[in-house]
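A.B. asks:
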Ligand SMILES: [Zn+2]
Ligand SMILES: [Zn+2]
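In the numbering used here, the protein residues as written are 2 to 88.
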């Protein structure tokens, strides 16, 4: 998987990779760094930050960095497993 720059500050490398499923069936990808995820006013982002803080990859138990989708089909993964998931 490519490394992205943070969507919020456009400076730091993104440590978190969020994939929001849209009602329309599409998805919105967000790449956020450590700093911005902590101080984002966005309710969704703070929820994800909380989720990832103690989260582990549901496939291999490595530290989770990626949240894909919304409940109940939400997946929490590390970079490696996300790469496998998405090809
Ligand atoms: Zn940032
Ligand atoms: Zn994993």
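Note that CB positions come from ideal geometry on N, CA and C, so glycine has one too.
In the DSSP assignment, find the unbroken alpha helix (DSSP H) run with residue 67 in it and report its ends.
C.D. replies: Residue 67 -> not in any alpha helix (DSSP H); beta strand (DSSP E) instead, spanning 67-69.
A.B. asks: When you compare only the Cα positions, how much space is there between residue 48 and residue 36?
C.D. replies: 15 angstroms
A.B. asks: Can you pull every residue whose C-beta falls closer than 5 angstroms to some heavy atom of ligand 2, listed in chain order?
C.D. replies: 58, 60, 61, 63, 79 and 82
A.B. asks: With respect to 7 angstroms, is the separation between the Cβ of residue 9 and the closest non-hydrogen atom of ligand 1 below this value?
C.D. replies: Indeed, a heavy atom of ligand 1 lies less than 7 angstroms from the Cβ.
A.B. asks: Starting from residue 31 and walking both ways along the alpha helix (DSSP H), at which residues does that stretch end?
C.D. replies: Counting along the chain, residue 31 falls outside any alpha helix (DSSP H), though it belongs to the beta strand (DSSP E) covering 28-33.
A.B. asks: Report the option in 61, 39 and 59 whose CA atom is closest to the CA atom of residue 51.
C.D. replies: 39
A.B. asks: My output table needs one value for residue 4: the three-state DSSP class, helix, strand or coil.
C.D. replies: coil
A.B. asks: Are the stretch 9-25 and the stretch 67-76 touching, with three or more C-beta to C-beta distances below 8 angstroms?
C.D. replies: yes
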